[in-house]
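Residue numbers (UniProt numbering), protein chains in the order written: chain H, 1 to 442; chain V, 1 to 442. A short write-up of the structure that comes next.
Encoded structure:
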């Protein structure tokens, strides 16, 4: 039986889980790949206390220069270093597998251009164990994808679930997430939306062939959310979720990451705790939902190893068919046959963020006195924004001079709402910066 | 650009939707496949009133003998005829794509053995638009699959949802399903569990490499369910669903299709209406859920066309790499490299149905008189079945001489419960055959 040697770069939680998975599930992996997959070397920044069952080195060239090694598995993190390693792997005619969403958020299209038919696997880069890359590239490839909406960050969803189900405030919920090991010591990428944005950009490339950078899209996190907002949502039959959204309207595309009020009855609203879920609407297939663990060593390893198996399968097949052919056939990395798609002028354009439109929820903390509501109403009227509903709440634990105004607008543009919010922030009787959540009725 | 000609066998709802999808979504399909996919001929039993945009014939040989045609797409239904056509397609070195679950339920392993490396696509055979075949074959291939539980029949789920949410009785709900076009004029395959069983057998082959026949597994439908059962479930925080279940316990496998009480809080319980959903638990990836439309012309076409695109991609790739090679590399149809897996003695064995164990709900309609409960209790005790809960209900619309006993057992085997049910059925004071639903606490 063919033996396929691989190198593991980075032996943190995921790297260790990949080695473990290859060993624990060797029976099924060999049967499915048609080859023995053997981790020959691991590379780490330092070799202390790693306690691995395979040789370990700090020198990356031991992996790149080894002629036996056919697949480089990058699990180090970072952006530029792993990208340069990817390029070196391809130059050495080695397949490349990565779980690195940040690197791909910046370099996925360059990488595809430079791949030269050598397989690149990145299933683990989006939502851990959910095979959403394959689903978009293969499973739904007959469809125009009308939208992708996903809970793509487990830490944020855990915090939102605690706030919604247990009425825990934001700070306590974040602390719980850290204590349970869901959130990093520095959780900013999780809670500021960047992590979700990285994943959304990768999915948008697969669904639309669009090469967008994170700076071009709306990226907001969950900070600033309060239990007042949660309660307003509940009373209006909504749940609040942090969503990554791609939405196609004719040949234009919205891409955005932000908090969203969505109807309680929809499947995404039912996803609680650290779980991830992605809803995809295809023009032929209608709405689908894919639900599962979005992080964790074993869960991510499941996807990393699925890429290794797929590459191994193709190597076995191409070996058996073509003794002289060293590169194995490979699907287009980002789903499209490069030359065909990228030469057309029909490709989809990103909508400027100012032009995106939806309904908005706004929380205003105001002085509870005569004329305030009139001033506020005037601001909305000035910007042609009409109000759909309004609730005034005088919280028990608040000095009676203050009140909350919680309101929902009819549909308007991002540009309108941002101007209105800026103007509201200058009003003397508004005590805190206005807080806004977009409403998505799906 | 390469042109790939295909033939469509059968032009009912799905056949027409496939032709339409290839035409409507030609832009994206061409970009994704890297080739133009052209339906060259359709074959139908008669050529009246088909109103197709492509040539139509009644002679299947016009497809099989045409050297231009590289892919045969079978959407006719039936079992033996499509199987023999599949074999002929393979003999003519043509790839074969089918949506035919019944044919595959009987012949999938023979077909794999005879495929000789020629691609066979069958994504559309299980749960329409949900790409569950690829998910099991590719996405989760690093995992030992611990269980598969699925709502695999939309008609049944629609009926169960109506009963649960609207308190509609079984007959009326079935009639509604027929009026809405969800259920066939003869809905027996849907509601007796056979349709779900066909799908379960296909999934079990992918997950476990097991070649099982429908007669070897428990297959029950939704007939006989009443609103008493629905209410009991609600009061116990359960939902009632028709599930296809594959469950691995060490090297043994349970396969069964039947009504199931499952906790209201689990994702499967939240799937309502005609939708399908499949929960898969992998040893590495944990629980995942895949949700979407399980039937319908466009939804099924989405999967059929995804198979056509995948085969086309590989043809393009193998053409560009190997000018002299006519067959394109192909993944193992049922997920395993044949020789490796099928030669081992470690393959998984089916558990005899009598040995399967779980908790059971039982509805008994009894004469409301002295000693009845004692007689019933005696039967359960005789078979070593202990009762977990019991409710007696005297329905308003029932003559006061009768009552319902609704009870839930502790865990026992299928053999124990069947013997007890048989004995209960002989008791004079039991007015209707006992009705049983298995309880699955997941």
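Ideal Cβ placement from N, Cα and C applies to all residues, glycine included.
Chain H within 9 Å of residue i, Cβ atoms only
{"i": "residue 412/V", "result": "no"}
{"i": "residue 240/V", "result": "no"}
{"i": "residue 442/V", "result": "no"}
{"i": "residue 158/V", "result": "no"}
{"i": "residue 109/V", "result": "no"}
{"i": "residue 3/V", "result": "no"}
{"i": "residue 31/V", "result": "yes"}
{"i": "residue 199/V", "result": "no"}
{"i": "residue 161/V", "result": "no"}
{"i": "residue 54/V", "result": "no"}
Residue burial classification, residue i (beta-carbon count within 10 angstroms, cutoff 16)
{"i": "residue 185/H", "result": "exposed"}
{"i": "residue 235/V", "result": "exposed"}
{"i": "residue 112/V", "result": "buried"}
{"i": "residue 162/V", "result": "buried"}
{"i": "residue 31/V", "result": "buried"}
{"i": "residue 145/V", "result": "buried"}
{"i": "residue 138/V", "result": "buried"}
{"i": "residue 116/H", "result": "exposed"}
{"i": "residue 268/H", "result": "buried"}
{"i": "residue 3/H", "result": "exposed"}
{"i": "residue 378/V", "result": "exposed"}
{"i": "residue 157/H", "result": "buried"}
{"i": "residue 45/V", "result": "exposed"}
{"i": "residue 416/V", "result": "buried"}
{"i": "residue 153/H", "result": "buried"}
{"i": "residue 107/H", "result": "buried"}
{"i": "residue 258/H", "result": "buried"}
{"i": "residue 233/V", "result": "buried"}
Cβ of residue i within 9 Å of any chain V Cβ
{"i": "residue 153/H", "result": "no"}
{"i": "residue 15/H", "result": "no"}
{"i": "residue 361/H", "result": "no"}
{"i": "residue 285/H", "result": "yes"}
{"i": "residue 219/H", "result": "no"}
{"i": "residue 140/H", "result": "yes"}
{"i": "residue 166/H", "result": "no"}
{"i": "residue 389/H", "result": "no"}
{"i": "residue 306/H", "result": "yes"}
{"i": "residue 134/H", "result": "yes"}
{"i": "residue 12/H", "result": "no"}
{"i": "residue 302/H", "result": "yes"}
{"i": "residue 45/H", "result": "no"}
{"i": "residue 267/H", "result": "yes"}
{"i": "residue 39/H", "result": "no"}
Local conformation of residue i per DSSP, three classes
{"i": "residue 106/V", "result": "helix"}
{"i": "residue 337/V", "result": "coil"}
{"i": "residue 82/H", "result": "helix"}
{"i": "residue 355/H", "result": "helix"}
{"i": "residue 323/H", "result": "Unreliable placement is indicated for residue 323/H, whose pLDDT of 39 sits below 50; no coordinate value is reported for it."}
{"i": "residue 299/V", "result": "helix"}
{"i": "residue 258/H", "result": "strand"}
{"i": "residue 416/V", "result": "helix"}
{"i": "residue 436/V", "result": "strand"}
{"i": "residue 87/V", "result": "helix"}
{"i": "residue 212/V", "result": "coil"}
{"i": "residue 245/H", "result": "strand"}
{"i": "residue 285/H", "result": "coil"}
{"i": "residue 427/V", "result": "coil"}
First and last residue of the uninterrupted alpha helix (DSSP H) at residue i
{"i": "residue 98/H", "result": "It is not in any alpha helix (DSSP H) - residue 98/H instead sits in the beta strand (DSSP E) that spans 95-98."}
{"i": "residue 227/H", "result": "227-235"}
{"i": "residue 382/H", "result": "372-382"}
{"i": "residue 196/V", "result": "194-208"}
Residue i, enclosing beta strand (DSSP E) - first and last residue
{"i": "residue 155/V", "result": "Where residue 155/V is concerned, there is no enclosing beta strand (DSSP E), although the alpha helix (DSSP H) it sits in stretches over 154-166."}
{"i": "residue 69/H", "result": "69-74"}
{"i": "residue 392/H", "result": "387-393"}
{"i": "residue 3/H", "result": "3-9"}
Whole beta strand (DSSP E) elements within the region 11-53 of chain V, 3-residue minimum: 36-43
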